[in-house]
Each structure stands twice: as C-alpha cells, then as structure tokens.
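FYI, UniProt numbering numbers position 176 of the sequence shown as 176, with every residue one higher than the one before it. This report refers to the structure that appears directly beneath it.
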Amino acid sequence: MAEDNNIPRPDSLTGHDQLQQQQRAPVSANSSAKRAPPNGANSNNDSDERQAIERELAAKLRGTRDYLNNLPTSDSDAGPVNGDNAPTSSDTQTQAANSDPQFEAANINGDGNAVEQQQSQVSFDAGQNAEEQSLEVDELDSDSAIGSDAESQTASLSESIYNYRREHGRTYHAYKDGKYIFPNDEREADRLDLQHHLLRITYANKLFFAPLQNPKRCLDVGTGTGIWAVDFADEWPECQVIGIDLSPGQPSVVPPNIKFIVDDAEDQWLYDEKFDFIHARLMSGCFADWPAFIRQAYDNLEPGGWLELQDYGLPVRSADGTHLGTHMLRWGELLLEAGRKMGRPLGSDVSEHFETWLEQAGFVDIQHKMFMWPTSSWPKDPFMKELGRWTQVNIIDGLEAFCLALLTRGLGWQKEEVDVFVARISNDFRNKKIHAYFPMPVVWARKPLPGEMVFH
C-alpha cells in the first residue's frame with residue numbers, strides 16, 4: 001500500500017520522530033540490524049477500502065498525538081501500587097472468569113451529546129489510563145465500525161539468520177526456527193510499532209511501572225522491532241540497554257547506550273554483568289517453561305533489581321455476556337488449545353500465573369495492575385472509545401499473524417480454513433454490539449537484598 005502522508009505514523013505519536021534528529025552512535029557490528037524486507041505478496045492484498053478506513057481512523061485519532069505529548073513520562077511518576085490499589089490474588093481469580101467480573105472502579109457516566117463533542121476533540125485528562133473499570137456502553141454511537149482487513153550462544157548476523165522461513169505468504173525467524181510462532185515480516189513489524197503506541201496510551205505514557213532508581217543495566221527480552229528499548233534508552237541515557245530477539249529486526253541507528261543481540265532467552269544466560277531491570281512485554285506463546293524463564297531472570301538481576309511482565313489475557317471477556325457464542329471468543333479458545341499442543345502456552349494460561357511463579361522464584365514486593373483493551377469503540381467513555389478504535393485496528397491487522405502458525409501447525413488447519421475464520425473474527429471486532437475487552441495485566445517484582453527477610 002502506498003504511504004499516505006495524512007496517516008500519522010507511529011513514530012509521530014510520542015515524539016519518537018525526533019530520534020533521527022538526535023546524535024546517534026551506530027550499532028556495533030554484531031548487533032546492527034535492518035528489518036526484514038517487506039513481503040511483496042502482502043502489499044498486494046491492501047485495498048482501497050483499507051486505505052480509506054485508515055484515513056478515517058487517522059482523522060479521528062489526530063488529537064491523540066497531543067494527548068500523548070502532554071502526558072508525564074514513566075521516570076517521573078512510575079511507582080508501586082500501594083494498599084487497596086493493588087489487586088490481590090483473589091482479584092486475579094475473579095477477573096479470570098469469562099463473564100461479568102467485579103470491578104473496583106466506579107461506573108463512568110456522562111451526557112451523550114457531551115461525549116460526542118469530547119470525542120471529536122479527543123481531549124483526555126493527562127493522567128488517564130486504561131485500568132480495568134466498569135464501562136458504560138455508548139448507545140448513541142451509530143457510526144460505522146472502523147476496521148482494517150550474552151550473550152548466551154549469541155548468533156552472528158550472517159546470511160543464514162536472514163534466510164527466513166516462508167510459509168503461507170508470511171516470513172518467520174530463521175534462528176532457532178519454529179520457536180516463535182508469529183511472523184517477523186515488515187507487515188508485522190509495522191503492527192508491533194503501532195501496538196507499542198497503543199500500550200503507551202493504555203499506560204498513560206508509562207514505559208514501565210517498577211520504581212526504578214538510576215538503573216545501570218537493562219535487558220529487554222523479546223525486543224521485537226526494538227521500539228520499547230529505544231524509548232527506554234532515551235529516557236535513561238546513563239543506562240546500558242540490551243535488547244534480545246530471535247530475529248534481527250531492529251533499527252540500525254539507535255541511541256549510543258543500546259545494542260541489540262540475536263539470542264534465545266530460553267538458552268542459559270551467560271551475561272558478564274547482572275541487570276537492574278529486566279523487561280518482558282507480550283511474551284505469551286514465547287516460552288515452553290515460564291517458571292524457568294522467571295528463575296533465570298531472578299538469577300541475572302542485581303539484588304534489589306526488578307522484573308516486569310506486561311502481557312494480555314485470552315479469551316476476551318465482557319461484563320454483559322455479549323461475547324458468548326461469538327467467533328471472537330472461539331478464536332481465543334482455539335489459540336489457547338493450539339498453544340498447549342505446541343508446548344507454547346499463551347494468554348490467560350500464562351498471565352494468570354505470573355504472581356505465583358514470581359513468588360516461587362523468590363521475588364518480593366510483587367505488584368499487579370490490570371488494564372483493559374475494548375475490542376471496538378463500544379464504550380461510552382471517550383478515552384476508552386478511542387482506545388477501542390486503536391485495539392480494533394491492531395487486532396484486525398494482526399489476526400492472520402496470530403492465527404496462521406498456531407492453527408495450521410498446532411491444530412492442522414488448512415490456510416483456506418484460517419482465511420475464512422479470520423474474516424469471521426474480523427466481523428466480530430467490527431460489531432459494536434459485542435461489548436468485549438482484553439484483560440491486560442502488568443506485574444512487577446523485586447529481587448530481595450542480601451540478608452532481607454522474605455515472607456510469603
């Protein structure tokens with residue numbers, strides 16, 4: 001699809017476009033990387049309708065750029081959740097149900113006309129985020145739905161690493177072929193960058209929630225396009241940041257305090273120094289043994305260092321049961337089934353156990369926040385309505401990527417069956433009568449100091 005200059009690129013949404021205006025040091029020879037070349041076959045699938053939809057979305061989201069730029073950054077106000085603000089283990093179990101969970105936050109009410117006026121202005125409170133809450137359905141919204149179709153065994157960037165697996169019109173990583181079940185092509189890289197900004201909106205512009213104090217070394221596990229690591233390195237210029245991934249899809253012009261390594265986080269970690277902060281975001285489906293990963297993270301943290309896990313719950317949920325019997329719900333159930341069969345658990349099979357695994361590994365000060373992604377613009381609250389639009393585009397654009405390997409390799413489906421199923425799921429995400437959402441948990445925990453008494 002030809003680039004439309006009227007569509008704001010993800011880079012423009014948080015000031016990330018200033019990256020090229022700043023002085024950057026080239027990445028070292030063993031870590032410089034370019035993104036996977038775009039898949040020509042994919043670009044031919046873009047339609048005029050999708051371009052029109054994206055223009056419409058862009059017009060409705062222009063104000064979001066100002067919203068993001070006015071938000072506080074994570075290093076100034078990130079901190080632990082205290083007391084009653086932190087959900088307990090029983091809260092997590094309650095939220096795991098597929099129907100009406102009990103929310104702590106109050107109902108969001110408002111006059112319908114005022115909501116529509118606010119929506120056009122896209123003006124939100126500077127500190128607003130997408131913490132889980134009871135959402136009122138916007139009964140007045142009759143707009144058409146918007147949618148769109150180590151250095152442990154570190155690999156050198158040889159030609160073999162770029163010799164990607166090509167399957168069903170998508171490309172997948174070559175290093176440790178088959179371990180990562182989602183594509184690594186340009187189409188997916190663009191979606192991941194958009195998703196990064198969706199997460200920054202969700203978290204009120206925070207990159208993390210752990211109460212960091214002048215970290216010296218940070219590890220970003222599963223760095224993907226490297227966009228989180230670059231933003232973090234910009235915020236903490238004195239911190240040495242390492243991003244690891246199975247694919248060399250990161251930028252080649254980056255801040256001087258960052259490097260990217262093609263590596264497998266499931267291998268034994270052999271880093272020379274320990275870290276003050278280890279970050280793993282949306283890594284569901286990436287590990288066969290999550291407790292083993294968490295133990296390795298613990299062993300590679302300095303005493304007092306933090307591990308933060310940001311992930312998603314699946315299947316979707318709703319407060320009124322409108323998700324029941326939908327293709328959207330069945331999609332989540334099938335992905336969980338496929339993940340189990342492939343030995344790569346994902347969604348709620350993983351995220352609901354984070355706190356238990358962290359405690360078993362020896363972590364203390366375990367904190368938890370629950371956020372939510374509406375599946376479309378069905379909420380009445382203007383902030384959550386806009387978030388739903390972002391979520392809708394993000395998920396619909398990624399549906400094929402989410403489904404292909406899991407359903408074909410894991411459940412034995414044919415590509416044509418996946419295509420039909422993806423179309424049906426997409427229709428559900430465009431249906432604002434389905435008042436569903438994704439639970440989006442964030443959990444962070446600290447490695448205790450020497451001699452510190454640990455109580456569990």
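Beta carbons: idealized from backbone N, C-alpha and C, even for Gly.
- Contact check for F209 against C218 fails: the beta carbons are separated by 9 angstroms or more.
- Between G313 and F275 the beta-carbon gap is near 27 angstroms, outside 8 angstroms, which marks them as no contact.
- Bounds of any alpha helix (DSSP H) do not take in K206, whose DSSP letter is neither H nor E.
- Non-local C-beta neighbours of F455 in its own chain, meaning closer than 7 angstroms and more than five positions away in sequence, are absent.
- Excluding residues up to 5 positions away in sequence, E266, F293 lie with their Cβ nearer than 7 angstroms to the Cβ of F287 in the same chain.
- Around the CB of K369, 16 or more other CB atoms lie within 10 Å, so the residue is classed as buried.
- Non-local beta-carbon contacts of D234 in its own chain, meaning distances under 7 angstroms to residues more than five positions away in sequence, involve P255 in chain order.
- With 16 or more other Cβ atoms from the protein chains shown falling within 10 Å of its own Cβ, V221 counts as buried.
- For S318, the closest of P248, Q240, W378 by C-alpha to C-alpha distance is W378.
- Within the region 344 to 386, the complete alpha helix (DSSP H) segments of 4 residues or longer fall at 348 to 351, 354 to 361, listed in chain order.
- In the DSSP secondary-structure assignment, H279 is bridged to D220, E308.
- Counting along the chain, W290 sits inside no beta strand (DSSP E); it lies in the alpha helix (DSSP H) bounded by residues 290 to 299.
- Boundaries of the alpha helix (DSSP H) harbouring V418: 415 to 430, taken from the DSSP string.
- No Cβ-Cβ contact shorter than 9 angstroms links R281 with F363.
- Of all C-beta pairs linking the region 423 to 441 to the region 335 to 342, fewer than three are shorter than 8 angstroms, placing the two stretches out of contact.
- Setting aside the 5 residues that flank it on each side, W390 is surrounded in the same chain by L198, each with a C-beta closer than 6 angstroms to its C-beta; the list follows chain order.
- Residue environment for N431: buried (at least 16 other C-beta atoms within 10 angstroms of its C-beta).
- For Y271, DSSP records no beta bridge to any residue.
- With contacts defined as CB atoms closer than 9 angstroms, L449 and I201 fail to qualify as a contacting pair.
- Between A130 and M372, the beta carbon gap of about 6 angstroms places them in contact (Cβ cut-off 8 angstroms).
- CA-to-CA, the gap between I242 and E273 works out to about 12 angstroms.
- DSSP, read as helix, strand or coil, puts D185 in coil.
- With a cut-off of 8 angstroms on Cβ pairs, the region 182 to 195 is in contact with the region 399 to 419, counting three or more such pairs.
- Counting only runs that start and end inside the region 232 to 261, the beta strand (DSSP E) elements of at least 3 residues fall at 240 to 245.
- Around the beta carbon of V442, 16 or more other beta carbons sit within 10 angstroms, so the residue counts as buried.
- For M440, the enclosing beta strand (DSSP E) covers residues 436 to 446.
- Comparing C-alpha distances from H435 to each of H323, V418, A423 shows the shortest one belongs to H323.
- DSSP places A338 inside the alpha helix (DSSP H), whose first and last residues are 327 to 341.
- For T223, the CB contacts under 7 angstroms within the same chain, skipping 5 residues up- and downstream, are A229, G243, I244, D245, Q250, F260 in chain order.
- Secondary-structure assignment with DSSP links E131 through a beta bridge to F371.
- A distance of 9 angstroms or more separates the beta carbons of F277 and P237.
- Relative to the Cα of F421, the nearest Cα in the group T326, W444, F354, P439 belongs to T326.
- Beta bridge pairing from DSSP links R191 with no other residue.
- With a cutoff of 9 angstroms on beta-carbon distance, P303 and Q360 are scored as not near each other.
- For the 9 angstroms CB-CB criterion, L135 and M384 form a contact.
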